[in-house]
Amino acid sequence: MNLKIERIVLREIRMPLVRFFETSFGRTTERRIVLVEAIAEGVSGWGEVTAGEHPFYNEEWTDSAWLILRHYAGPRLLGHPLAGAEEAAGRLEHIRGHRMACGGLEAALWDLEARLQGLPLYRLIGGVHKQIPCGVSIGIQESVDELLARIERELEAGYQRIKIKIKPGWDLDVVRRVRRRFPHIRLMADANSAYTPADAEHLRRLDEFYLMMLEQPLAHDDLLDHAELQRKIQTPICLDESIRSARHAEQAIRLGACRIINIKLGRVGGFRQARRVHDIAQAAGIPVWCGGMLESGVGRAHNIALSTLPNFQLPGDVSASRRYWARDIIRPPVEVSPQGAIAVRDEPGFGYALDEDYLESITVRREILG
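Just add 121 to the spot in the sequence shown (first one is 1) and you have our numbering.
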């Protein structure tokens, strides 16, 4: 098809979380989110920039994404005919890094193309699953008792896998108490790069808790130390921050740095690169799952579409809207069945309608390009 973007609208929205979310980086109580609307032929496609408010998860943050979209990514796509959304990433390749900013715009183009073709987004990208198994990510709590109570509630809601955040001082004893209380659940721990190679023996002690995986224990940009650590521990390592491209996935697999890969749409720069990471992992027999970044309904809908690709074998962090928001910006909100799954919708594009009145009420800045 011929895809020519006529206008791009940038919006910053602010959404308070139902409850704070804490990792080894710190505590988040409100999200500042950049939404991207790409318009062609009177039709809008929507994407979400998944960068955080500060450059802690990676180098990007809300304000850097706005500037990249305004001055670099947006102008490279405006008015340039594309054969389809697949070509968008090629026009953005000269921008070093800033994958979340570029990925939000690229996702909007995929949504736009799907809408113009009258297709659900998941079908356009090659998805096959009609239901998405769901897990939850639970941040660091005020106490272990509070963590145990939250796990209980999430299990009662049907979630198929529990991920808890860990950091030095909140790890072995916490995981031990969780395992003692819930001996049979699918449990994993996410360190968000909080440890160093000197902690290998300490991390090896997690083996006794038969975790599904230990996610990103070492540096955010490391592969070699993870490979060495994986040789020392039985628990499968899952890489998150370290996998920013298909090339990184190839290198990690070749080195033996991980046995599982978390694919985040924004972290790798959009659907084209995410599909390549997926395909490389599938060919190597490495399962993948979809991680979350406290997205609004727009980013959550894109994550659902991504999770329909065939090698998404493990429950991801794509959970119900109400876990994070008193009111989401899409209608209906994302819901999880009592069996812990999300049904994939067949409406064109990402499958949900925008709650335009609410979206307008929480928009704090807007800029039109083109």
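Note that beta-carbon positions come from the ideal geometry of N, C-alpha and C, so glycine has one too.
- Within the stretch 255-305, the complete beta strand (DSSP E) segments of 3 residues or longer fall at 256-259, 282-286, listed in chain order.
- Sequence-distant Cβ neighbours of R152 in its own chain, meaning closer than 6 Å and more than five residues away, are M136, L415.
- For the 8 Å CB-CB criterion, V409 and I450 do not form a contact.
- For V389, no beta strand (DSSP E) segment is defined; the enclosing uninterrupted segment is the alpha helix (DSSP H) at 386-389.
- Beta bridge pairing from DSSP links M309 with K284.
- Two segments are said to touch when three or more pairs of C-beta atoms, one from each, lie closer than 8 Å; by this definition the stretch 280-300 does not touch the stretch 242-252.
- For R217, the three-state secondary structure derived from DSSP is coil.
- T144 and P202 have their C-alpha atoms some 42 Å from each other.
- Annotation: the continuous alpha helix (DSSP H) that includes L480 extends over 477-482.
- When the five nearest sequence neighbours on each side are left out, the beta carbons in the same chain lying within less than 8 Å of the beta carbon of I354 are those of A321, L324, R325, L327, D328, L335, in order along the chain.
- Annotation for R466: G472 place their beta carbon closer than 6 Å to its own, counting only its chain and skipping 5 residues before and after.
- G387 places its beta carbon less than 8 Å from that of M221.
- Sorting A172, A405, Q460, V439 by C-alpha distance to the C-alpha of S185 places A172 at the top.
- If you look at S185, you'll find it in the alpha helix (DSSP H) that goes 183-189.
- Between the C-alpha atoms of P304 and L332 there is a straight-line separation of about 11 Å.
- Judged by their CB atoms, S442 and P459 are not nearer to each other than the 8 Å cut-off.
- In this structure the stretch 216-232 does not lie against the stretch 255-265, because fewer than three pairs of beta carbons, one per stretch, are closer than 8 Å.
- L199 is bridged by DSSP to I126.
- Under the three-state reduction of DSSP, L230 is assigned to helix.
- Between R393 and E207 a beta carbon distance of about 6 Å is seen, short of the 8 Å cut, so the two are scored as contacting.
- Residue range 462-464 is occupied by the beta strand (DSSP E) that includes A462.
- Here T356 is buried. Its C-beta has 16 or more other C-beta atoms within 10 Å.
- Counting of Cβ neighbours within 10 angstroms places A161 among the buried residues, the total reaching 16 or more.
- The C-alpha of H341 lies about 8 Å from the C-alpha of N313.
- Between L480 and L240, the alpha-carbon positions lie close to 24 Å from each other.
- For the pair Q351 and A378, the CB atoms are nearer than the 8 Å cut-off.
- In this model, Q262 and W291 are separated by some 10 Å (Cα to Cα).
- Comparing C-alpha distances from S366 to each of P469, A395, A278, G461 shows the shortest one belongs to A395.
- About 4 Å separates the CB atoms of R282 and R307; that is less than 8 Å, so the two are in contact.
- E234 counts as buried, since no fewer than 16 other beta carbons sit within 10 angstroms of its beta carbon.
- Comparing C-alpha distances from A315 to each of R197, R300, D343, R301 shows the shortest one belongs to D343.
- Counting only runs of 4 or more residues that sit fully inside the stretch 306-373, the alpha helix (DSSP H) segments are 321-325, 345-353, in chain order.
- Minimum Cα-Cα distance from G412 among the listed residues D311, R297, D346, I401 corresponds to D311.
- DSSP lists A464 as the bridge partner or partners of Q252.
- If you draw a straight line from the Cα of G166 to the Cα of I259, it is about 31 Å long.
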